[in-house]
Amino acid sequence: MMIEKENLQRILELNKQIDDEINSIVKKDFSGLYDDNINIIQNINLKMEEDFNIIKYPINNNELGGFVYKTDNNLFCFINSHQPRNFQNFVLIHEYYHMSHHDNLEKNKIDTVLLNEEESINLIERKANYYASLMLLDSLRENYNKFIKDRKFTLEDTICYLIDLYKVPKKTILIRLYELECITFDELYDNFNNNIENLQNRFNKLGLDTSILEPSNVVKFDDIDKEFKKARESGAMLESFLDQNESYYRELLKSLEVKFKNGQR
């Protein structure tokens, strides 16, 4: 389903409005997180696993990308692993922005990432999306030129190579290419569809690995299990306290799973 042209224009307008604010945050974060030996996605994933509770679980809901959930003492980040891997990467960085820079997260309220036009023009969500775009697409203009100018590839093939290189969604790349004045608005709009089958076919023709366009269906609750096991083995906390809190976390995870299993918000 194609996005309305007016909504695409609205996204671009909002990105301009928030550019100074988000660029300032990105420069600070990127300098602290950049590592020659680890890509930015892996580095932020490691940082989030150290600072927050990360849950990955496949839910058959095509709109749900993930959500943040805040309790009295903890922040949970949920990633829907039923989504394509490149979109999971984007959601991870989107949620990192919320968890690190959004001070007004409400307790016991689920803050979701959804694939719909209404969410894409919400200002708070747009800031997180723009942050993710800037964090993930460093040196995009230079790499675009290597494909489109140096090698004379078509725009369609270049987009595939850029998805393969950056491991992020097609739409994210297209919007940023327009903002960098690499493509026209017509080129942006005409290519702004999300037909996975066509994209996979083009990847296959180019000899690119299509797994980035496919779900991972990862199930990850391990970190919470490890923490409770470690506390029990070390005797750092009373058994009664651990029993109570372990039960609380399992009930919380169960309730979140039930809430989204059937596509509910």
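With the UniProt record's numbering applied, the sequence shown has no gaps in its numbers, which climb one by one up to 265 at the end.
Beta carbons are placed, not taken as given, at the ideal position from N, Cα and C, and that holds for glycine.
Is the beta carbon of residue i sitting closer than 9 Å to the one on residue j?
i: T172; j: N129; result: yes
i: E214; j: R85; result: yes
i: L8; j: Y189; result: yes
i: N73; j: I41; result: no
Identify whether residue i lies in helix, strand or coil by the three-state DSSP scheme.
i: G207; result: coil
i: C77; result: strand
i: N201; result: helix
i: F67; result: strand
i: L12; result: helix
i: K149; result: helix
i: N39; result: coil
i: I175; result: helix
i: N53; result: strand
i: K167; result: coil
Ignore the nearest five residues each way along the sequence and tell me which others in residue i's own chain have a CB closer than 6 Å to its CB.
i: P58; result: S81, H82, N217
i: K56; result: I79, S81, V218, K220
i: Y97; result: A128, Y131
i: L180; result: R141
Near residue i, what residues of its chain come up, given a Cβ to Cβ distance below 7 Å and the 5 sequence neighbours on each side ignored?
i: I25; result: H101, Y131
i: F87; result: G65, P169
i: H94; result: V113, A128, N129, A132
Could you tell me how far apart the beta carbons of residue i and residue j are, in whole angstroms, since I believe they sit closer than 8 Å?
i: residue 276; j: E106; result: In this structure the chain extends from 1 to 265, so residue 276 is not present and cannot be described.
i: L199; j: K167; result: Actually they do not touch by this definition, with Cβ atoms about 14 Å apart.
i: I183; j: L162; result: No, I183 and L162 are not in contact; Cβ-Cβ is about 12 Å, not under 8 Å.
i: D150; j: L208; result: In fact, because the Cβ distance is near 18 Å, the residues do not count as touching under 8 Å.
Here's the rule: buried if 16 or more other CB atoms are within 10 angstroms of the residue's CB, otherwise exposed. What is residue i?
i: I124; result: exposed
i: F185; result: exposed
i: K28; result: exposed
i: Y34; result: exposed
i: L137; result: buried
Enumerate in chain order the residues of its own chain whose CB-to-CB distance from residue i is below 8 Å, with the five nearest sequence positions on each side excluded.
i: N45; result: I54, L92
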